[in-house]
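In this text, residue positions in the sequence shown follow the UniProt record's numbering: the first is 1, and each later residue adds one.
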Amino acid sequence: MILIGERINGGFKDIKQAVEKKDKTVLEKWAQTQAEAGANYIDVNIGAISNKIEDFLWMIESVQAAVSTPISIDCNKISFLKEALKICEKEPLINSTTAHDERLEQIIPLAIEHKASLIGVCMDEKGSPQDVNRRVELAAKIFTAAIEKGL
């Protein structure tokens, strides 16, 4: 089992305030708490609190300065993801891709280039299917695309 600490998320009030004030002690505390609890990755998600790549990179750098645990990069913006992957000190986890063709075409090569692991979410351009058979189809699509591209 892989454990991902997901507390460093801009959706939390204390994280939002820390990013706005550039108070890395809050991020360091949560990174250390999650690492001590056994997290294999520390997820960093800026959410909707900022459109500045500098803020997202600052979050990742703050976490990496606090713990040796690898980073899970949780961001839907491809431009942010590309820059974040460049600064990861350990092999990161990309959180995540869907089965949407365009997303697979963008994310899988980045994962390969940066030796990143990848989470696949059983969704497509229509969202998350209610039908279990369709979900299995989407999982197979993600898995097949990853294998065919060499991930």
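Built from N, CA and C at the ideal position, the CB exists for glycine as well.
Worksheet entry | Reduced DSSP category for S117 - H, G, I as helix; E, B as strand; rest coil | As a working mapping, residue 117 is identified with position 117 in the sequence shown. In this structure, S117 counts as strand in the three-state DSSP scheme.
Worksheet item: Rounded C-beta distance between L138 and L110? I'm assuming under 8 Å.
Response: The sequence position of residue 138 within the sequence shown is 138, counting from 1. The sequence position of residue 110 within the sequence shown is 110, counting from 1. With 8 Å as the limit, L138 and L110 do not qualify as a contact, their Cβ atoms being about 20 Å apart.
Practice prompt. Report buried or exposed for S72, applying the criterion of at least 16 other Cβ atoms within 10 angstroms of its Cβ.
Written response: Within the sequence shown, residue 72 is the residue found at index 72, counting from 1. Counting Cβ neighbours within 10 Å, S72 comes out buried, since at least 16 surround it.
Fill in: Same chain, Cβ closer than 7 Å to V67, five either side skipped, listed in chain order
Here the question's residue 67 lines up with position 67 in the sequence shown. Hits under 7 Å: A31, Q32, A35, I42.
Worksheet item: I108 and A145: beta carbons closer than 8 Å?
Response: By 1-based counting over the sequence shown, the position of residue 108 is 108. By 1-based counting over the sequence shown, the position of residue 145 is 145. Cβ distance < 8 Å, so I108 and A145 count as in contact.
Worksheet item: Taking C-beta to C-beta, are V121 and S96 nearer than 8 Å?
Response: By 1-based counting over the sequence shown, the position of residue 121 is 121. By 1-based counting over the sequence shown, the position of residue 96 is 96. The answer is yes: Cβ separation under 8 Å.
Worksheet item: With which residues is V44 paired in a DSSP beta bridge?
Response: Position 44 of the sequence shown, counted from the start, is the residue given in the question as residue 44. V44 is bridged to I8, I73.
Practice prompt. Figure out for me which residue from E125, G150, K126 has the closest Cα to the Cα of Q116.
Written response: Sequence index remark: in the sequence shown, residue 116 carries index 116 (1-based). The question names Gln, but residue 116 is Ala in the sequence shown. Closest option to A116, Cα to Cα, is G150.
Item to complete: If I'm right that I49 touches V19 with Cβ under 8 Å, what's the distance once you round it to whole angstroms?
Response: Start at 1 with the first residue of the sequence shown, and residue 49 comes out as number 49. Start at 1 with the first residue of the sequence shown, and residue 19 comes out as number 19. Right, the Cβ-Cβ distance comes to about 6 Å (below 8 Å), so this counts as a contact.
Item to complete: Starting from I94, trace the beta strand (DSSP E) both ways and give me its first and last residue.
Response: For the purposes of this step, residue 94 is taken as residue 94 along the sequence shown, with counting starting at 1. Counting along the chain, the beta strand (DSSP E) containing I94 begins and ends at 93-97.
Practice prompt. Could you have a look at D14 and say whether DSSP puts it in helix, strand or coil?
Written response: Here residue 14 is taken as the residue at index 14 of the sequence shown, counted from 1. DSSP places D14 in helix when its eight states are reduced to three.
Item to complete: Using beta-carbon positions only, say whether I78 and L104 come within less than 8 Å of one another.
Response: As a position in the sequence shown, residue 78 is number 78, starting the count at 1. As a position in the sequence shown, residue 104 is number 104, starting the count at 1. Against a cut-off of 8 Å, the Cβ pair of L104 and I78 comes out as no contact.
Discussion item. Rounding to the nearest angstrom, what Cα-Cα distance links K13 and A37 in this structure?
Written reply: The residue labelled residue 13 in the question sits at position 13 within the sequence shown. The residue labelled residue 37 in the question sits at position 37 within the sequence shown. Taking the straight line joining both Cα atoms gives about 22 Å.
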